[in-house]
Structure formats: structure tokens, C-alpha cells
Amino acid sequence: MNGKPGLPELKALAAIVSHRSFRKAADDLGLSPSTLSHMMRSLEQEMGVRLLHRTTRSVAPTQAGERLVGRLQPLLRDIDAALSEVDDFRSVPAGPLRINSSEIAARLLLASTVPAFLSRYPQVSLDLVTEGRLVDIVAEGFDAGIRLGEAVPQDMVAVRFGGSARFVAVASPGYLADHAGPKVPDDLHDHACIRFRLPSGKPYRWEFERHGQELSIDVPGRLTLDHMDLMADAAAGGMGIAYVSDRCARAHIDRGALVTVLDDWCPPIPGLFLYYPGHRHVPPALRAFIDVLKETN
């Protein structure tokens, strides 16, 4: 090895391995894919070993690359933490803040928290990512995540906001005029249900609870969607019964396009939580965001 590689090249390598994509890593780092590719070729030449397997469609680490990145990741996290601690001496929070969220939660945040935060802290840039899938926020470089309480990993610090949540079964008055409404969850087997596909590709089993009795129903249905707003729209259009967040159905319910069924089987559940790893330094921008979150929800 002719010389020691620099920190930018090592961070770039770690980003490529994390994303398994030059394009996504380049977007994350604010570089062009061609610049990133040139950096990796120079790094491999400098180290005298191949670090990445490249094809026209994919990129993956070699054994040497995987071992190097495995050793680098905790060191890079320590460097980021050290830099964040220096930021504590700034008079105001500054820099990027990356939060992974569900789309429903993001809509709620955009109504009040985000505008107030951006107005109060003009030196912070907020990257709010709504991929749908539940990610490892530490491994993928997020400062925090936002999900329903049941989806928050146990080793995280969690901050509740927005009150309780509720999932409801809904149908249009027209559909219920032609089909007797279900009295118990098992009655759904006799109905046209609008199914929900999880980001993993699996269908979601509808979950109900009453007096301590819990049921999970694999409902029938010819229509499957991957977005709850679309499910509520489809139900309002008379296409069947949907099981969605109360927030998604609320506008349709208020105007009479949807009514709830199986109400006594749909109790409130713990709502949304912002969560972050408790074992590392909390960036000033995240602390500021949490303060605004508590004020506005």
C-alpha cells in the first residue's frame, strides 16, 4: 500500500456497502456516481486489493471489502459522535438531520412540527425519509426513526407524541346497504375486503382485540393495495371493507362516505413514537427537533 486512504474515501466505501448501490450512496454523500466510482478505483489501487464486486446492475463487497467496512463502521460512528459533541458548543443547532418515518407520521409532522422547526432553526436541513419499510436506523445512517410503539426496537429511547392511535374497519353506506355488516371479525370471510400489502410483499393480517381476546384474520379479497389512503378511497368507492388508520379514514367518515364496523373490536393503541439509539451522543439538531415535537403535539 503506497499510502493511507483518507476519511472521505473510507466513508464513501462504507456508504456503498450499506446501500449496495453507487447511485444511492452518491445521493447520500452529495456526489455524482462517476465521482464516487473514481474514488473507489483510486482507493483500490492505493490499497492494492479489490474491495467491491461490480456488475452493470449491482455492487457488493469482496471479502476484503466486507472485513474492512465491518471494522470501519464503529470507528466512523465514533467520529460522527465526536463531531456532534463539538456541535454542542454552537449557539444554535446546525447541519443535517435524517429521520426515517412512516408516511402517515410524516403527514402529521408536516402539519405543524416541521414548519415550526425549520422556521426556528434555519441552519438545520431536515431529511425526512418515508420508504415504508422498517429499517435499522443505526445501520442506515439515520439520526432517528418514527413508528407506532409496537414497531420500536426495545433498545431505543422512545418519545411518544400525537396521542393514541386507532385502526378501524370501514365501508361505504352503499356497500353496507347491499351486504349485512360484520358483527364479529370472522364474518369478514363473507365480505369483499380490501387487503393491504406490507413492504415485504406479504399481505397484512387484520388484527382485532376485545376484552383481552386477540384475533388475527387473513381476510379474503380481490383487491390488494400498498397504501392506506388508497384503501380508504377504495372503500369510500364501495369496493369493500378496508382496515386502515383512523387518520386515513377520518375525512371520508366526516363527510359520510365511510362508516365504521366492528367498532368494539378496534380499541385505541399506543400511538406514534420518535426513537433513537440511547448508546450514542444525541445531536443538538435532534434534541431541538424533539423539543419542537413536544410543543406542537
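The sequence shown lines up with residues 1 to 297 when you count with UniProt numbering.
Backbone N, C-alpha and C define an ideal beta-carbon position, used for all residues, glycine too.
In this text, all values refer to a predicted model and were calculated from it rather than measured experimentally.
Discussion item. Given a cut-off of 7 Å on the beta-carbon distance, is the pair residue 289 and residue 152 in contact?
Written reply: no
Worksheet item: Should residue 75 and residue 161 be called a contact, given that it needs their Cβ atoms to be closer than 7 Å?
Response: no
Worksheet item: Which of the three DSSP states, helix, strand or coil, is assigned to residue 245?
Response: strand
Practice prompt. Report the residue ranges of all alpha helix (DSSP H) runs contained in full by the stretch 97-173; include only those spanning at least 4 residues, in chain order.
Written response: 103-111 and 113-120
Practice prompt. Whole angstroms is fine: what's the gap from residue 244's alpha carbon to residue 47's?
Written response: 53 Å
Worksheet item: Below 7 Å between beta carbons: does that hold for residue 252 and residue 234?
Response: no
Worksheet entry | Rounded C-alpha distance that separates residue 135 from residue 159 | 18 Å
Worksheet item: What's the gap between the Cα of residue 257 and the Cα of residue 236?
Response: 5 Å
Fill in: CB contact flag (residue 14, residue 59, <7 Å)
no
Discussion item. Here's the rule I'm using: 16 or more other beta-carbon atoms within 10 Å means buried, otherwise exposed. How should residue 279 be labelled?
Written reply: exposed
Discussion item. Quick check on residue 195: does DSSP put it in helix, strand or coil?
Written reply: strand
Item to complete: Measure the C-alpha to C-alpha separation of residue 284 and residue 117 and round it to an integer number of angstroms.
Response: 13 Å
Fill in: Local conformation of residue 53 per DSSP, three classes
strand
Fill in: Beta-carbon gap between residue 193 and residue 220 smaller than 7 Å
yes
Discussion item. Measuring alpha carbon to alpha carbon, tell me which residue in 180, 130, 189 and 169 is nearest residue 103.
Written reply: 130
Worksheet entry | Counted within 10 angstroms of its Cβ, other Cβ atoms place residue 53 as buried (16 or more) or exposed | exposed
Discussion item. I'd like to know whether the C-beta of residue 252 is nearer than 7 Å to at least one C-beta of chain C.
Written reply: Of the chains in the structure shown, none is chain C; there is only one protein chain.
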